[in-house]
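Number of protein chains: 2
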Amino acid sequence: MRKTKQKEAILGVLRSTISHPTADWIYNEVRKEIPNISLGTVYRNLRLLYQSGEIAELDMCGTLSRFDARQDEHYHFRCEKCSQVFDVDEPVNKEIDGRIALKTGFVVEYHRLEFRGVCRKCQDS
Amino acid sequence: MRKTKQKEAILGVLRSTISHPTADWIYNEVRKEIPNISLGTVYRNLRLLYQSGEIAELDMCGTLSRFDARQDEHYHFRCEKCSQVFDVDEPVNKEIDGRIALKTGFVVEYHRLEFRGVCRKCQDS
DNA sequence: TTAGGTGCAAAACCTTTGCCATCCC
DNA sequence: GGGATGGCAAAGGTTTTGCACCTAA
């Protein structure tokens, strides 16, 4: 991965904030420094930085919305190869929400736990 | 919420699968029964069913991708009012990944835990 | 020198919306 | 009847991509 001023500026913006900004927010910040940078470049660099492990990404939007008719709370496993989502039969830890509420002062209504890895089918192929 | 054959068909499809289908997959399934249903109707009904609590939705794509330069693993809290994402200072449970791997036969690389609720700022306003 | 990066604009993609006809209560 | 819902198509918003030019190594 080549070092460019665009990439450095993007990483600089990301490291200087504790918020978890969107691509568009980053774009607007970086433009203060490099006014003619393009949004495409921001996306390309975010992807490169993500792939090289320098940044983490939450809720990659390429992942489509998925729906589920199950009523009870349960956890999920998402295969990183085929993107399929499976239910996981693990008891839901309700106690942890209260602990986080105490710690943060936030109202914690529920949590979502998703495991990531490779499903059995994709291990074979 | 009014009862229509489109809504029933969508719910039927959702209840008959253990996969966690995308809107488009549901649309194609429902078309076998109601060939001229429109994708807009599928989305509208999924939203209605979601709001009434009859189905759950994973990764609502309205949520933009968000990026984070922190290197260490950590958990997040997402405010359901302002959509901001905060870091949570809770130790990461590494042992659970092995347990799920044993249980499922999947390769579990990591997990993501996100709490949901209302942040302090949004409680005041 | 040259593979990789940039800017720009267009395309792709998923989701929502406006409009009017239709259906359920 | 009248408000909720459906079908269609167009719009909306985010992300990706093609292409010609540039630049770091």
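Protein sequence lines, in the order shown, are assigned to chains V and C.
Each residue of the first sequence is one higher than the one before, starting from 20 at the first, in our numbering.
Each residue of the second sequence is one higher than the one before, starting from 20 at the first, in our numbering.
Beta carbons are placed, not taken as given, at the ideal position from N, Cα and C, and that holds for glycine.
Of the listed residues the options, nearest to residue i (C-alpha basis)
i, options, result
"Asp166/V", "Val61/C, Asp108/C, Gln103/C and Met20/C", "Here chain V comprises residues numbered 20 to 144, so residue 166/V is not present and cannot be evaluated."
"His95/C", "Trp44/V, His130/V and Ile29/V", "His130/V"
"Leu77/C", "Glu133/V, Met20/V and Gln142/V", "Glu133/V"
"Phe105/V", "Glu52/C, Val111/C and Thr123/C", "Thr123/C"
"Leu99/V", "Cys141/V, Ala75/V and Phe125/V", "For the sequence presented, residue 99/V should be read as Glu rather than Leu. It is Cys141/V whose Cα lies nearest to the Cα of Glu99/V."
"Phe86/C", "Thr36/V, Pro54/V and Cys138/V", "Thr36/V"
"Val49/C", "Val111/C, Arg118/C and Leu33/C", "Leu33/C"
"Lys24/V", "Asn55/V, Leu83/V and Thr41/V", "Asn55/V"
"Asp91/C", "Ala75/C, Ser84/C and Val111/C", "Val111/C"
"Glu128/C", "Val137/V, Val127/V, Arg89/V and Glu128/V", "Val137/V"
"Glu27/V", "Arg118/V, His93/V, Ile53/V and Arg139/V", "Ile53/V"
"Ile74/V", "Ala88/C, Leu30/C, Ile119/C and Leu67/C", "Ala88/C"
"Val126/V", "Val126/C, Val61/C, Asn64/C and Arg139/C", "Arg139/C"
"Pro40/V", "Glu114/V, Val61/V and Ser71/V", "Val61/V"
"Gly31/C", "Met20/C, Ser57/C and Asn64/C", "Asn64/C"
"Leu67/C", "Ile45/C, Arg21/C, Trp44/C and Ser38/C", "Arg21/C"
"Lys113/V", "Ser57/C, Arg135/C and Ile45/C", "Arg135/C"
"Tyr69/V", "Ser144/V, Ala42/V, Arg118/V and Gln103/V", "Ala42/V"
Chain-ordered chain C contacts of residue i [CB-CB under 7 angstroms]
i, result
"Cys138/V", "Phe125"
"Lys22/V", "Going along chain C, no residue has its Cβ under 7 angstroms from Lys22/V, so there is no contact; the nearest lies around 16 angstroms."
"Thr74/V", "Just to set this straight, residue 74/V is Ile in the shown sequence, not Thr. Within 7 angstroms Cβ-Cβ: Phe86, Asp87 and Ala88."
CB contact below 8 angstroms: residue i versus chain V
i, result
"Ser84/C", "yes"
"Leu67/C", "no"
"Asp143/C", "no"
"Ile119/C", "yes"
"Ala28/C", "no"
"Glu114/C", "no"
"Lys51/C", "no"
Neighbour list for residue i in chain C, Cβ cutoff strictly below 9 angstroms
i, result
"Ala42/V", "Leu83, Ser84, Arg85 and Phe86"
"Glu128/V", "Glu99, Phe134, Arg135, Gly136 and Val137"
Cβ of residue i within 8 angstroms of any chain C Cβ
i, result
"Val107/V", "yes"
"Ile56/V", "no"
"Ile45/V", "yes"
"Glu133/V", "yes"
Beta-bridge pairing of residue i - partner residues as DSSP gives them
i, result
"Ala75/V", "Asp87/C"
"Thr41/C", "Arg85/V"
"Tyr94/V", "Val107/V"
"Leu132/V", "Leu132/C"
"Val61/V", "DSSP lists no partner for Val61/V."
"Val137/C", "Val126/V"
Neighbour list for residue i in chain V, Cβ cutoff strictly below 9 angstroms
i, result
"Gln103/C", "Ser38 and His39"
Counted within 10 angstroms of its Cβ, other Cβ atoms place residue i as buried (16 or more) or exposed
i, result
"Cys101/V", "exposed"
"Gly59/C", "exposed"
"Leu121/V", "exposed"
"Ser84/C", "buried"
"Arg97/C", "buried"
heavy atom of the ligand NAP below 7 angstroms from residue i C-beta
i, result
"Lys24/C", "Although the ligand NAP was asked about, the structure shown includes no ligands whatsoever."
Chain V residues whose Cβ lies nearer than 8 angstroms to that of residue i
i, result
"Arg34/C", "Ala88"
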